[in-house]
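Each remark here refers to the structure printed beneath this line.
Number of protein chains: 2
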Amino acid sequence: MTPRPALTVVGATGGAGAVMLQILTQHADVWGEVRLVASARSAGRKLLVRGAECEVLALGEEALEGADVVVFLVPAEVAARWAPVAAAKGAVVVDSSAAFRMDPDVPLVVPELNPHAVRMRPRGIVASPHATTLAMSVAVGALHAEFCLSELVVSTYQAASGEGQPGVEALRRQVSLVAGTQLGTNPGDVRRAVGDELGPFPAPLALNVVPWTGELADDGWSSQELGIRDELRKVLGLPRLPVSATCVRVPVVTTHSASVHARFENEVEVARAHEILATAPGVVLFDNPAVGEFPTPADVVGTDPTWVGRVRRSPDDPRVLELFVCGDNLRKGTALNAAHIAELAAREFNGR
Amino acid sequence: MTPRPALTVVGATGGAGAVMLQILTQHADVWGEVRLVASARSAGRKLLVRGAECEVLALGEEALEGADVVVFLVPAEVAARWAPVAAAKGAVVVDSSAAFRMDPDVPLVVPELNPHAVRMRPRGIVASPHATTLAMSVAVGALHAEFCLSELVVSTYQAASGEGQPGVEALRRQVSLVAGTQLGTNPGDVRRAVGDELGPFPAPLALNVVPWTGELADDGWSSQELGIRDELRKVLGLPRLPVSATCVRVPVVTTHSASVHARFENEVEVARAHEILATAPGVVLFDNPAVGEFPTPADVVGTDPTWVGRVRRSPDDPRVLELFVCGDNLRKGTALNAAHIAELAAREFNGR
Ligand SMILES: NC(=O)c1ccc[n+]([C@@H]2O[C@H](COP(=O)([O-])OP(=O)(O)OC[C@H]3O[C@@H](n4cnc5c(N)ncnc54)[C@H](OP(=O)(O)O)[C@@H]3O)[C@@H](O)[C@H]2O)c1
Ligand SMILES: NC(=O)c1ccc[n+]([C@@H]2O[C@H](COP(=O)([O-])OP(=O)(O)OC[C@H]3O[C@@H](n4cnc5c(N)ncnc54)[C@H](OP(=O)(O)O)[C@@H]3O)[C@@H](O)[C@H]2O)c1
Chain A
1 MTPRPALTVV GATGGAGAVM LQILTQHADV WGEVRLVASA RSAGRKLLVR GAECEVLALG
61 EEALEGADVV VFLVPAEVAA RWAPVAAAKG AVVVDSSAAF RMDPDVPLVV PELNPHAVRM
121 RPRGIVASPH ATTLAMSVAV GALHAEFCLS ELVVSTYQAA SGEGQPGVEA LRRQVSLVAG
181 TQLGTNPGDV RRAVGDELGP FPAPLALNVV PWTGELADDG WSSQELGIRD ELRKVLGLPR
241 LPVSATCVRV PVVTTHSASV HARFENEVEV ARAHEILATA PGVVLFDNPA VGEFPTPADV
301 VGTDPTWVGR VRRSPDDPRV LELFVCGDNL RKGTALNAAH IAELAAREFN GR
Chain B
1 MTPRPALTVV GATGGAGAVM LQILTQHADV WGEVRLVASA RSAGRKLLVR GAECEVLALG
61 EEALEGADVV VFLVPAEVAA RWAPVAAAKG AVVVDSSAAF RMDPDVPLVV PELNPHAVRM
121 RPRGIVASPH ATTLAMSVAV GALHAEFCLS ELVVSTYQAA SGEGQPGVEA LRRQVSLVAG
181 TQLGTNPGDV RRAVGDELGP FPAPLALNVV PWTGELADDG WSSQELGIRD ELRKVLGLPR
241 LPVSATCVRV PVVTTHSASV HARFENEVEV ARAHEILATA PGVVLFDNPA VGEFPTPADV
301 VGTDPTWVGR VRRSPDDPRV LELFVCGDNL RKGTALNAAH IAELAAREFN GR
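Here is the structure:
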């Protein structure tokens with residue numbers, strides 16, 4: 001019997017890390033040793049994985065020694081510094097941050113769409129897309145295979161946990177500050193109540209929506225809006241696809257949603273789109289508003305697939321479909337997609 | 001001196017009614033007698049308007065007698081029944097419900113865009129658009145005058161008060177039920193906590209977004225989505241404009257937002273769009289993300305204009321602008337637009 005590959009999870013103590021430990025416990029176990037790593041702050045903490053306690057190591061050269069696959073679930077600047085170190089030690093690196101997504105020598109992988117790209121990794125690094133890209137890419141990719149995409153217009157409804165645990169904690173504190181009040185009717189009353197509890201957000205999130213995520217990029221665009229455009233083009237293999245994204249944070253704990261306007265080269269039929277979505281891997285079709293069936297974050301959170309509803313054809317253009325998609329940003333949006341990529345990589349070690 | 005025209009407000013006890021009373025107290029006073037009307041449930045209640053107490057009358061033939069202008073701020077079925085009665089008694093009727101908006105013999109008026117349409121009212125009734133239409137129409141109309149609209153794709157972020165006081169109360173109860181908890185991370189936990197406190201919404205709204213507003217119309221569209229299309233076409237005088245709308249309810253008390261993707265016949269420049277929006281009546285331009293300036297409902301609520309930010313040109317198409325707009329759905333979205341229309345009508349009585 002060949003020894004099973006060794007896995008190291010960097011960022012095991014974070015929001016995405018917690019979901020990764022669940023996934024490692026629940027999925028068919030393809031791993032030998034599993035090592036957990038986080039910052040020096042967490043060194044010595046014990047976390048439960050595959051039914052056993054495991055001590056967290058501090059990130060450093062030593063912690064990255066000996067792994068076959070290393071998954072990074074850490075801020076982009078930490079990944080940028082340490083992913084190449086892990087790759088230089090011979091591991092296959094899977095990174096879920098923005099650090100390497102647009103590097104032409106790093107494949108950007110959604111296993112349902114482009115699994116073979118995992119093997120083409122000159123730097124030894126494979127990147128996983130942003131959670132918002134992931135929420136829509138499986139659905140949009142399946143429809144593209146049949147109808148041929150020609151344009152996407154996307155507006156997002158992004159959850160607080162997209163800003164990690166600090167985002168979740170800020171939203172929870174803010175919700176407590178506005179609960180049981182009459183706030184939300186007078187100018188600035190929510191802002192005054194929230195005070196300096198903004199957390200990582202540029203404006204209050206409780207009883208509010210904030211049309212800004214990411215950093216300022218060119219010409220008034222945010223980095224995440226341009227990132228969704230770049231990532232969808234790369235994952236779908238359509239380098240010139242027009243993509244307009246508007247990113248908006250909403251007071252939801254976990255699960256990103258997106259309203260998607262997709263124009264195709266061919267005419268579309270809702271009935272055929274339903275068939276495609278009902279059988280697409282990683283997608284659940286949930287689309288019967290007559291009986292209250294459409295996806296919402298509260299119902300989708302904690303589940304693996306992308307949920308798709310509100311499928312409509314434009315009355316003005318028979319080549320346009322509208323969709324509403326929801327995907328748990330910590331599962332398919334981060335840890336689950338990273339785990340799927342890591343499992344693809346694990347197969348390479350089977351024959352050694 | 002000619003006597004000033006008499007105004008009757010039907011629905012004075014509702015959310016929009018409360019804002020109308022504020023407006024009547026604050027605006028230059030063009031009215032003679034002001035009469036307040038609501039359901040029989042509210043008859044005898046006393047409300048403050050123009051600094052004096054005023055007793056609420058029950059809606060009926062008698063309550064509608066003698067008015068020059070009657071503003072209806074009531075559910076559509078009540079307006080459908082009683083607006084023609086008021087018109088038959090010779091009043092100019094202003095209705096803010098959906099009852100008459102698409103009637104070809106009823107003008108649909110946004111005073112900043114089509115004030116003259118008020119005088120063309122064969123049924124004696126003038127309609128005011130849906131709050132979401134109103135939030136974007138002044139901004140989009142001003143840009144259309146310069147660049148010529150050829151397509152709109154809209155995704156909304158609609159507040160709870162779009163469902164009246166019952167919507168606001170349900171959201172407040174739900175926020176109290178989820179505050180101080182760890183809810184929002186496990187499937188269905190928000191739904192269980194909210195239980196039967198859904199109020200007028202088809203799914204929990206606290207810590208959630210709900211991609212459904214209005215009733216089921218044809219082919220999976222909601223009545224509000226098709227309504228936004230029909231109303232924008234009518235208000236802008238563009239009966240064939242392609243408009244795709246996706247309506248989503250968000251946990252905000254008051255102020256609707258919309259992400260707008262607008263394609264024009266002519267090429268656009270952000271600098272010129274900024275100039276147009278900065279001087280358009282009823283619009284505030286608030287667009288400098290570098291210093292945190294973009295509109296959010298918490299900052300816009302309680303103010304009169306439509307706030308516009310996040311103005312960007314598509315990197316893929318020089319004829320496309322993206323915008324994010326916020327407008328208080330009880331002010332410009334209902335009571336304020338109705339008051340503006342009523343004030344236009346009041347001028348007709350000046351020379352009698
Ligand atoms: N949340 C999402 O929706 C989402 C979606 C796609 C991708 N991602 C990416 O996934 C990554 C993790 O996100 P998250 O939501 O899990 O964030 P999080 O909850 O804030 O967790 C951050 C993790 O990174 C670790 N870390 C931080 N600084 C470190 C350092 N200097 N050295 C070693 N470890 C360090 C933390 O360890 P300590 O506990 O020791 O501080 C923690 O385990 C980010 O890159 C994010 O961009 C997130
Ligand atoms: N809220 C928005 O965003 C918005 C936007 C655009 C248009 N509108 C329209 O404006 C109207 C009012 O909205 P709202 O938010 O103010 O609603 P609301 O808070 O629920 O108030 C409803 C008003 O209608 C009165 N009413 C209900 N049934 C009646 C009846 N049978 N006879 C007489 N009066 C009756 C109520 O009187 P009682 O207090 O006596 O029940 C109350 O004054 C609706 O047509 C709505 O479609 C609302």
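Which chain is which? The protein sequence lines are A and B, in order.
For the first sequence, the UniProt record's numbering gives the first residue as 1, with consecutive numbering after it.
For the second sequence, the UniProt record's numbering gives the first residue as 1, with consecutive numbering after it.
Where is the CB? At the ideal position from N, CA and C, for every residue including glycine.
Owing to the predicted nature of the structure, the values given are computational and were not obtained by experimental measurement.
**Message:** For ligand 1, I want to know if Arg-41/A counts as a neighbour, meaning its beta carbon is within less than 7 Å of at least one of the ligand's heavy atoms.
**Reply:** yes
**Prompt:** By how many angstroms is the C-alpha of Leu-108/A removed from the C-alpha of Thr-306/A?
**Reply:** 18 Å
**Asked** When every heavy atom of ligand 1 is checked, does at least one fall within less than 7 Å of the C-beta of Thr-246/B?
**Response** no
**Request:** Can you say whether Gln-182/B is buried or exposed, counting buried as having 16 or more other CB atoms within 10 angstroms of its CB?
**Result:** exposed
**Item:** Backbone secondary structure at Thr-279/B - three-state DSSP
**Value:** helix
**Request:** Could you confirm whether any beta carbon from chain B is found closer than 8 Å to the beta carbon of Val-190/A?
**Result:** yes
**Asked** Under 8 Å between C-beta atoms, does Ser-176/B make it to chain A?
**Response** yes
**Prompt:** Taking just the CA atoms, how far does Glu-65/B sit from Pro-211/B?
**Reply:** Each residue's CA atom was taken as its position, placing Pro-211/B and Glu-65/B some 42 Å apart.
**Request:** May I ask which residues mark the beginning and end of the alpha helix (DSSP H) holding Val-291/B?
**Result:** Run containing Val-291/B: none; DSSP gives neither H nor E here.
**Message:** What residue range does the beta strand (DSSP E) around Ala-349/A cover?
**Reply:** The sequence shown places Phe at residue 349/A, not Ala. Per DSSP, Phe-349/A belongs to no beta strand (DSSP E) and is neither H nor E.
**Message:** Give me the DSSP bridge partner(s) of Phe-72/A.
**Reply:** According to DSSP, Phe-72/A bridges with Val-10/A and Asp-95/A.
**Message:** Just to confirm the assignment, what range does the alpha helix (DSSP H) spanning Ser-176/A have?
**Reply:** That run of the alpha helix (DSSP H) goes 164-178.
**Message:** Given 7 Å as the limit, tell me if Pro-297/B has its C-beta closer than that to any heavy atom belonging to ligand 2.
**Reply:** No, Cβ of Pro-297/B sits at least 7 Å from all heavy atoms of ligand 2.
**Asked** What does a CB cutoff of less than 7 Å around Asn-266/A pick up in its chain, not counting 5 residues either side in sequence?
**Response** Phe-147, Cys-148 and Arg-319
**Message:** Comparing C-alpha positions only, which one of Gly-327/A, Leu-226/A, Val-138/A and Phe-72/A sits nearest to Gly-14/A?
**Reply:** Comparing alpha carbon positions, the residue from Gly-327/A, Leu-226/A, Val-138/A and Phe-72/A closest to Gly-14/A is Phe-72/A.
**Message:** Applying the 10 Å Cβ sphere with the 16-neighbour rule, what's the burial state of Asp-328/B?
**Reply:** buried
**Prompt:** For a contact meaning CB atoms closer than 9 Å, what does Asp-316/B contact in chain A?
**Reply:** Glu-151, Arg-229, Arg-240, Leu-241, Pro-242, Val-243 and Ser-244
**Asked** Would DSSP call Phe-324/A helix, strand or coil?
**Response** Strand.
**Item:** Classification of Leu-285/B by the beta-carbon crowding that lies within 10 angstroms, buried from 16 upward
**Value:** It is buried - the Cβ of Leu-285/B has at least 16 other Cβ atoms within 10 Å.
**Message:** Among Glu-231/A, Glu-322/A, Ala-280/A and Pro-242/A, whose alpha-carbon lies nearest the alpha-carbon of Asp-103/A?
**Reply:** Glu-231/A
**Request:** Could you name the residues of the stretch 44-68 of chain A whose beta carbon sits closer than 9 Å to any beta carbon of chain B, in the order they occur along the chain?
**Result:** none
**Asked** Pro-166/A touches chain B at which residues, Cβ-Cβ below 8 Å?
**Response** Correct list: empty, because the minimum Cβ distance to chain B is about 15 Å.
**Request:** Pull up the CB-CB distance for Leu-277/B and Val-308/B, whole angstroms please, since I reckon it's below 8 Å.
**Result:** 5 Å
**Prompt:** Can you name, in chain order, every residue of its own chain whose Cβ lies under 7 Å from the Cβ of Gly-333/A, other than the five neighbours on each side?
**Reply:** Ala-131, Leu-134, Ala-135, His-256 and Gly-327
**Prompt:** Does DSSP put Ser-222/B in a helix, in a strand, or in coil?
**Reply:** strand
**Message:** So Val-308/A contacts chain B; which residues on that side make the cut at Cβ distance below 9 Å?
**Reply:** Going along chain B, no residue has its Cβ under 9 Å from Val-308/A, so there is no contact; the nearest lies around 11 Å.
**Asked** When the distance is taken between beta carbons, is Ser-128/A closer than 8 Å to residue 380/A?
**Response** Residue 380/A is absent from the structure shown; chain A starts at 1 and stops at 352.
**Asked** Which value, in whole angstroms, describes the spacing of the CA atoms of Arg-45/B and Glu-55/B?
**Response** 6 Å
**Prompt:** Which residue's Cα is closest to the Cα of Arg-123/A: Trp-82/A, Leu-238/A and Gln-158/A?
**Reply:** Trp-82/A
**Prompt:** Residues of chain B with a CB under 7 Å from the CB of Leu-285/A: which are they?
**Reply:** Here the premise fails: no neighbours, minimum Cβ distance about 12 Å.
**Asked** If you drop the 5 nearest sequence neighbours on each side, which residues of the same chain put their C-beta closer than 6 Å to that of Lys-234/B?
**Response** Leu-108
**Prompt:** If we call anything under 8 Å between Cβ atoms a contact, is Arg-312/A one with Trp-221/B?
**Reply:** In this structure, Arg-312/A sits near Trp-221/B, with a CB-CB distance shorter than 8 Å.
**Message:** So with CB distances below 8 Å, who are the chain A contacts of Thr-254/B?
**Reply:** Gly-184 and Thr-185
**Prompt:** Between the Cα of Arg-263/A and the Cα atoms of Pro-289/A, Leu-321/A and Glu-225/A, which residue gives the shortest distance?
**Reply:** Leu-321/A
**Request:** Select from Arg-229/B, Ala-280/B and Val-118/B the residue whose C-alpha is nearest the C-alpha of His-340/B.
**Result:** Val-118/B
**Message:** Taking the straight line between their C-alpha atoms, what separation do you get for Glu-61/A and Val-126/A?
**Reply:** Computed Cα separation, rounded: 20 Å.
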